[in-house]
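When we follow our numbering, the leftmost residue of the sequence shown carries the number 3, and every step to the right adds one.
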Amino acid sequence: MSNSHAFILAKKYIPGGVNSPVRSFNAVNRTPFFTQKAQDCYLYDIEDNKYIDYVCSWGANIIGHANKDMVQAVQKAISNGCSFGTPTELETQLAQKICSLMPNIEKIRLVNSGTEAVMSAIRLARGFTKRKYIIKFNGCYHGHSDNMLVNAGSGAATFNNPSSSGVTQEAVSNTIVLEYNDVPALIGAFNQYGNQIAGVICEPFAGNMNLVFPSNEFIDILRELPKEHGALLIIDEVMTGFRVALGGAQSLLNINPDLTILGKVIGGGLPLAAFGGRADIMDCLSPIGNVYQAGTLSGNPVAVTCGLANLEIISSNGFYEHISTMTKALVNGLSEAAKMHNIPFCANSVGGLFGLHFQEKLPTNLLQVQRSNLEMFNSFFNQMLDNGVFFAPSMYEAGFICSKHTPKVIDETIQIAHRIFKNINSVEG
Ligand SMILES: *Cc1c(COP(=O)(O)O)cnc(C)c1O
């Protein structure tokens, strides 16, 4: 079947033909390709086209697709049964391993998605502090639980509007939205509502508005202010955890969150996520505490086995050096190519995470990200895809490298980009 036929059929039975909206390629005015299999850093669609993959299952894949050791571990696990509804030793092994890699996590609970982990952590923060407000930052994504689907209001008002139909005003009325990197706004919010703020949730490197780095001042204030006011610092590392470094962004930025959210890489591609942190906070969860949280498939043995195999591989010597080197080579090569053809462009990266911006200066918040040249991005995306290179199909998404991206693959990508920047330049010019 062709990609276009598969999409028509999918749309008949699945809203928009996809089970998560960004997969529809709506933002780049295109119909998606359907993947039949993947190996290392390549995806193969149902028409047998091969793509260099810079999406990597939205970051979940960091060891390359269909890694042999992982596949074997999962096959063995599944032959013992898919789910038991009792505890397994595997869960303790994974919990122990994560606690040792991330010392800020003293206890951890496993769930099935980043959304679920955030939702639970926020409930826990409110339950622990007995306070109601959560501060979040514009452009950071924390999954689609009701109280995180909120847009910044205009003007001085820090209270906001639901960003999705079906979310009530009440559901977001206890969420305060501030601009990323806006230190005075954060100080202002704490001055005004300090003793009612349960927690601040933040992406340590914001990877859901392309890629935006935190300023030093912003990180400094996040370290101090919540603590001073008895509020919790919740660092959402669903994207950055095990991607920017083995110890997560918190190890690079030297921050000690009270609660950490993990997802994506943690499961190596199977549905697995987690939230963890200070033992005194985590012990407020049921069955020992009063904050209710549960899940039929939480800590699923197959997913946990996959996560363990994945963690084993990424813990090997030199893993992150290789990934960082490849990521830097890619963004430097693309930047040089763009410059040569007078394309307004800049790029940033940390570990195996990168951002490509069609503007001269690195953005520091969502408003600045929105200034990138959308037409140029879309033209770049579409032409790269036509030439077998798959970048994220939206200007608002980051890019991902896995350990199977080699210097040769990166070079090939940069050569293709040269031709395409040249085309874009001649059309624009
Ligand atoms: C992807 C993501 C989530 C949501 O995770 P899901 O597994 O898609 O529910 C939450 N926070 C961040 C930072 C993410 O990147």
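Each residue gets a CB set at the ideal place from its N, CA and C atoms; glycine is no exception.
Mark residue i as exposed unless 16 or more other C-beta atoms lie within 10 angstroms of its C-beta, in which case mark it buried.
i: A158; result: Note that A158 has pLDDT 47, beneath the 50 cutoff, so the model's placement of it is unreliable and no number is given.
i: I16; result: exposed
i: G193; result: It should be pointed out that residue 193 corresponds to Asn in this sequence rather than to Gly. Exposed, by the Cβ-count rule.
i: V73; result: exposed
i: K78; result: exposed
i: T131; result: buried
i: C142; result: buried
i: L188; result: buried
i: T408; result: exposed
i: C304; result: In the sequence as presented, Cys is not what sits at residue 304; that position holds Val. Its Cβ being crowded by 16 or more others within 10 Å, V304 is buried.
i: G269; result: buried
i: N21; result: exposed
i: E49; result: exposed
i: H7; result: exposed
i: Q417; result: exposed
i: E205; result: buried
i: P395; result: buried
i: E219; result: exposed
i: V429; result: exposed
Any heavy atom of ligand 1 closer than 7 Å to the beta-carbon of residue i?
i: T366; result: no
i: A247; result: no
i: N210; result: yes
i: D238; result: yes
i: A275; result: yes
i: T262; result: no
i: S115; result: yes
i: M241; result: yes
i: E205; result: yes
i: Y143; result: yes
i: V120; result: yes
i: G265; result: yes
Please name the residue, chosen from the options, that lies closest to residue i on a Cα-to-Cα basis.
i: L272; options: I80, A208 and N183; result: I80
i: M104; options: N28, L261, S374 and M3; result: L261
i: F215; options: P365, C308, I263 and I236; result: P365
i: H231; options: E205, T94, R133 and L151; result: R133
i: P228; options: I199, L255 and S326; result: I199
i: C101; options: V24, R225, V57 and G279; result: G279
i: L112; options: L92, G141 and G129; result: L92
i: R245; options: A311, A191, I325 and N153; result: I325
i: A233; options: I403, S6, L299 and I223; result: I223
i: T117; options: I136, Y182, L274 and F27; result: L274
i: N298; options: S85, M121 and L336; result: Position check: residue 298 holds Thr in this sequence, whereas Asn was assumed. Per the Cα distances, S85.
i: N88; options: N302, N153 and I137; result: In the sequence as presented, Asn is not what sits at residue 88; that position holds Thr. Cα-wise, what sits closest to T88 is N302.
i: E1; options: S4, A29, I10 and H7; result: Only positions 3 to 431 of the chain appear in the structure, and residue 1 is not among them; the question remains open.
i: V371; options: M211, M3, A62 and K39; result: M211
i: V267; options: H146, C404 and V352; result: C404
i: E121; options: V391, G291, P34 and I203; result: Note that residue 121 is Met in the sequence shown, not Glu. Closest by alpha carbon: I203.
i: K410; options: K424, N51, R421 and M328; result: M328
i: G145; options: A251, P23, L248 and N82; result: P23
i: V179; options: M150, Q171, E172 and F207; result: M150
Which whole-angstrom value describes the C-beta separation of residue i and residue j, a residue pair presumed to lie in contact below a C-beta threshold of 8 Å?
i: A419; j: M397; result: Contact doesn't hold; Cβ gap of about 16 Å is too wide.
i: A123; j: F347; result: At roughly 36 Å, the Cβ-Cβ gap does not stay under 8 Å, so A123 and F347 are not in contact.
i: C308; j: V76; result: 5 Å
i: L436; j: K70; result: A question about residue 436 goes unanswered here, because the residues of the chain that appear run from 3 up to 431.
i: S381; j: H359; result: With a Cβ gap of about 15 Å, S381 and H359 do not count as contacting.
i: L45; j: Y53; result: 5 Å
i: N176; j: S165; result: At roughly 15 Å, the Cβ-Cβ gap does not stay under 8 Å, so N176 and S165 are not in contact.
i: K109; j: A281; result: 5 Å
i: V391; j: F356; result: With a Cβ gap of about 14 Å, V391 and F356 do not count as contacting.
Along the chain, which unbroken stretches of the beta strand (DSSP E) at least 3 residues long are found entirely within the region 243–314?
-> 261–264 and 275–279, all fully within the region 243–314.
At 3 residues or longer, and completely inside the region 126–182: list those beta strand (DSSP E) runs for me, N to C.
-> If we require 3 residues or more, the beta strand (DSSP E) runs fully inside the region 126–182 come out as 135–140 and 177–181.
Whole runs of the beta strand (DSSP E) within the region 63–126, excluding any shorter than 3 residues | The qualifying runs are 109–113.
Contained alpha helix (DSSP H) runs [length at least 4] in the region 330–415, N- to C-terminal order | Those alpha helix (DSSP H) runs which fall completely within the region 330–415 and span 4+ residues are 368–371 and 376–388.
Every unbroken alpha helix (DSSP H) inside the region 178–237 [4 residues or more] | Listed in chain order, the complete alpha helix (DSSP H) runs (minimum 4 residues) inside the region 178–237 are 185–195 and 218–230.
Counting only runs of 4+ residues fully inside the region 5–48, write out the alpha helix (DSSP H) ranges in chain order.
-> Counting only runs of 4 or more, we get 5–15.
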